[in-house]
Amino acid sequence: MDLEELKKKALDAIKEAKDELDLTNIRNRFLSKKSEINQKLGGLKDLNEAERKTYGQAINEARGAITNAFNKKFQDLKAYNLNLKLKREKIDITLPGASHHLLGTNPIYLVENEIIHIFLGMGYSVYEGSDVETDHFNFELMNIPQDHPAREMQDTFYINNSLLLRTHTSPAQAHAMAEAHGGPVRIICPGKCFRRDDDDLIHSHQFKQIEGLLIDKKINLGNLEKTLETFVKKLFGEKREIRMRSSYFPFTEPSVEVDVSCDKCGGKGCPVCKGSGYLEILGAGIVNPRVLELNGYDPNEYSGFAFGIGLERVAILKYGVDDIRRFYTNDIRFLNEFKRR
Ligand code: PHE
Numbered sequence: 301m302d303l304e305e306l307k308k309k310a311l312d313a314i315k316e317a318k319d320e321l322d323l324t325n326i327r328n329r330f331l332s333k334k335s336e337i338n339q340k341l342g343g344l345k346d347l348n349e350a351e352r353k354t355y356g357q358a359i360n361e362a363r364g365a366i367t368n369a370f371n372k373k374f375q376d377l378k379a380y381n382l383n384l385k386l387k388r389e390k391i392d393i394t395l396p397g398a399s400h401h402l403l404g405t406n407p408i409y410l411v412e413n414e415i416i417h418i419f420l421g422m423g424y425s426v427y428e429g430s431d432v433e434t435d436h437f438n439f440e441l442m443n444i445p446q447d448h449p450a451r452e453m454q455d456t457f458y459i460n461n462s463l464l465l466r467t468h469t470s471p472a473q474a475h476a477m478a479e480a481h482g483g484p485v486r487i488i489c490p491g492k493c494f495r496r497d498d499d500d501l502i503h504s505h506q507f508k509q510i511e512g513l514l515i516d517k518k519i520n521l522g523n524l525e526k527t528l529e530t531f532v533k534k535l536f537g538e539k540r541e542i543r544m545r546s547s548y549f550p551f552t553e554p555s556v557e558v559d560v561s562c563d564k565c566g567g568k569g570c571p572v573c574k575g576s577g578y579l580e581i582l583g584a585g586i587v588n589p590r591v592l593e594l595n596g597y598d599p600n601e602y603s604g605f606a607f608g609i610g611l612e613r614v615a616i617l618k619y620g621v622d623d624i625r626r627f628y629t630n631d632i633r634f635l636n637e638f639k640r641r
């Protein structure tokens, strides 16, 4: 093919090229070693010097033109593809977004967070327990041996002979004591508990507690009372009073049931508090010396107090909820009541 014709053909092909594959084929055909134009260069040696010079120049000029056109087209295609990509992937930030409805926070979490903050303010740290416990931690180390009648009170979900869903957050006490290696402890442990309860307005087979444990030297019932009074006044308001009634737990001695004065009647007695003037919110007591021993402490050196707060009970009182099951059913109308708190 004559040089001019070859050049025109190459330039036309470059112009027509639609993508990089086309361009690669064109380069192979017109600019590779075996291309016609390079063969023409090879043929120069058969010409005389004057011819060689002019024809050689012409070939180089043609090859240069093809190379330039090729490079330009390559850049153009690249820019074109980039633009296409940008256009396709364009995000219109002015479009309205998908709307999310932010619901109110479940009141269980509201009171949980509030209680955690109150105790953090008193120097406690949060200890995380686990939902599945061993019989050893849930019962034995809490001074509830096999065949102890207190096991009866905590109808239990067993996983096998030694594993169960914890019936209270108290096993966290044993874990925290083990980690403290016989030294002082000041923890709270929020968490789920499970009992094979028949569900009703105030009972559920799954519920939440916040366990508290303080161990140090010379801890007495007065320390416990003041701590719980401070807690109750912070949570429910300065006007509320607490009352301690004697009770029984295997892991505390003496044990108390703590009531808070009724908000409705201020302690005089009304239908809300069933005439008593008080409402029960937690169990507590001085750590039983036997529990200290079981968990590696010398009861002559250390003493402590422990408490277990029922979160549902507190939320029911604080927000006037009429049925414990409302906490678990995710009814949007119920949750929205707590939007602004
Ligand atoms: N573990 C007890 C319960 O679940 C509550 C409690 C905790 C009582 C700590 C005393 C001390 O009923």
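Going by the working numbering, the letters in the sequence shown line up with residues 301 to 641, in that order. For each residue, glycine too, the CB sits at the ideal point set by N, CA and C. Remember, predicted model here, so these are calculated numbers, not experimental data.
message: Using C-beta distances below 7 Å, list every residue in its chain close to E637, excluding the 5 sequence neighbours before and after it, in chain order.
response: Counted from its first residue, the sequence shown places residue 637 at position 337. Excluding positions up to five away in sequence, the list reads G404.
field: Unbroken alpha helix (DSSP H) run spanning A606, endpoints
entry: As a first step, residue 606 is located in the sequence shown; it is residue number 306 there, counting from the start. Element bounds for A606: not the alpha helix (DSSP H) but the beta strand (DSSP E), S603 to G610.
task: Could you tell me whether the region 424-431 touches the region 472-482, using the rule of 3 or more Cβ pairs below 8 Å?
output: yes
message: Taking the beta carbon of Y321 as the centre, do at least 16 other beta carbons fall within 10 Å, making it buried, or is it exposed?
response: Here residue 321 refers to the residue found at position 21 of the sequence shown. Here residue 321 turns out to be Leu, not Tyr, going by the sequence shown. Per the 10 Å Cβ criterion, exposed.
- request: Report the three-state DSSP secondary structure of T434 (helix, strand or coil).
  value: By 1-based counting over the sequence shown, the position of residue 434 is 134. Here T434 sits in strand by DSSP.
- prompt: If T469 and G483 are in contact, beta carbons under 8 Å, what's the gap, nearest whole angstrom?
  reply: Residue numbering aside, residue 469 sits at position 169 when the sequence shown is read from its first letter. Residue numbering aside, residue 483 sits at position 183 when the sequence shown is read from its first letter. With 8 Å as the limit, T469 and G483 do not qualify as a contact, their Cβ atoms being about 21 Å apart.
message: Just list the residues that DSSP pairs C562 with in beta bridges.
response: What you label residue 562 is simply residue 262 of the sequence shown in a count that begins at 1. The partner list for C562 (beta bridge, DSSP) is empty, contrary to what the question assumes.
message: So the candidates are E601, A398, G620 and L306; which of them puts its Cα closest to the Cα of I366?
response: What you label residue 366 is simply residue 66 of the sequence shown in a count that begins at 1. The shortest Cα separation from I366 among E601, A398, G620 and L306 belongs to L306.
- prompt: Rounded to a whole number of angstroms, what is the C-alpha to C-alpha distance between L382 and P396?
  reply: Numbered from 1 along the sequence shown, position 82 holds the residue referred to as residue 382. Numbered from 1 along the sequence shown, position 96 holds the residue referred to as residue 396. Whole-angstrom Cα-Cα distance: 27 Å.
field: Residues that Y458 bridges to, as DSSP identifies them
entry: As a working note, residue 458 is residue 158 in the sequence shown. Beta-bridge pairing links Y458 to L464.
message: Let me check you understand the geometry: is the CB of T530 closer than 8 Å to at least one non-hydrogen atom of the ligand PHE?
response: Indexing the sequence shown from 1 puts residue 530 at position 230. Answer for T530: no, Cβ out of range of the ligand PHE.
query: Can the beta-carbon of V587 be found less than 9 Å from the beta-carbon of A606?
result: Mapped onto the sequence shown, residue 587 falls at position 287. Mapped onto the sequence shown, residue 606 falls at position 306. Yes, these two residues count as a Cβ contact at 9 Å.
- prompt: Is L582 near the ligand PHE, going by C-beta to nearest heavy atom under 8 Å?
  reply: Along the sequence shown, read from residue 1 onward, the residue named residue 582 stands at position 282. Flag set: Cβ of L582 near the ligand PHE.
task: Determine, using beta carbons only, whether S561 and R540 come nearer to each other than 9 Å.
output: As a working mapping, residue 561 is identified with position 261 in the sequence shown. As a working mapping, residue 540 is identified with position 240 in the sequence shown. Against a cut-off of 9 Å, the Cβ pair of R540 and S561 comes out as a contact.
query: Does any heavy atom of the ligand PHE sit closer than 8 Å to the C-beta of H468?
result: Walking along the sequence shown from the start, residue 468 turns up at place 168. Result yes, Cβ under 8 Å from the ligand PHE.
query: Comparing alpha-carbon positions, which option in C573, T629, L594 and G604 lies nearest G620?
result: To locate residue 620, count along the sequence shown from 1; it is residue 320. Comparing Cα-Cα distances from G620 to each of C573, T629, L594 and G604, the minimum goes to C573.
task: Figure out for me which residue from F374, H400 and P471 has the closest Cα to the Cα of M442.
output: Within the sequence shown, the letter at position 142 stands for residue 442. The candidate whose alpha carbon is nearest that of M442 is P471.
query: Going straight from the alpha carbon of E557 to that of F531, what length do you get?
result: Position 257 of the sequence shown, counted from the first residue, corresponds to residue 557. Position 231 of the sequence shown, counted from the first residue, corresponds to residue 531. In a straight line, the C-alpha of E557 is about 15 Å away from that of F531.
Between the CA atoms of D376 and Y355 - distance to the nearest angstrom: On the sequence shown, residue 355 is found 55 positions in, with the first residue counted as 1. On the sequence shown, residue 376 is found 76 positions in, with the first residue counted as 1. Going by the C-alpha atoms only, they are around 31 Å apart.
message: the ligand PHE and T552: does any heavy atom of the ligand fall closer than 8 Å to the residue's C-beta?
response: As a position in the sequence shown, residue 552 is number 252, starting the count at 1. Yes, the Cβ of T552 comes within 8 Å of a heavy atom of the ligand PHE.
- prompt: For the ligand PHE, any of its heavy atoms closer than 8 Å to the Cβ of C489?
  reply: What you label residue 489 is simply residue 189 of the sequence shown in a count that begins at 1. For the ligand PHE, not one heavy atom lies less than 8 Å from the Cβ of C489.
task: Give, in chain order, every unbroken run of the alpha helix (DSSP H) that is at least 4 residues long and sits entirely within the region 570-638.
output: 589-594, 611-619 and 632-636
task: Using a threshold of 9 Å, state whether the C-beta atoms of V337 and I326 are closer than that.
output: Residue numbering aside, residue 337 sits at position 37 when the sequence shown is read from its first letter. Residue numbering aside, residue 326 sits at position 26 when the sequence shown is read from its first letter. The sequence shown places Ile at residue 337, not Val. Taking 9 Å as the Cβ cut-off, I337 and I326 do not qualify as a contacting pair.
query: Do R466 and F507 come within 9 Å of each other at the CB atom, strictly closer than that value?
result: Start at 1 with the first residue of the sequence shown, and residue 507 comes out as number 207. Start at 1 with the first residue of the sequence shown, and residue 466 comes out as number 166. Taking 9 Å as the Cβ cut-off, F507 and R466 do not qualify as a contacting pair.
query: Given a threshold of 16 other Cβ atoms within 10 Å of its Cβ, counted over all protein chains shown, does G272 qualify as buried or as exposed?
result: There is simply no residue 272 to check, as the chain begins at 301 and stops at 641 in what is shown.
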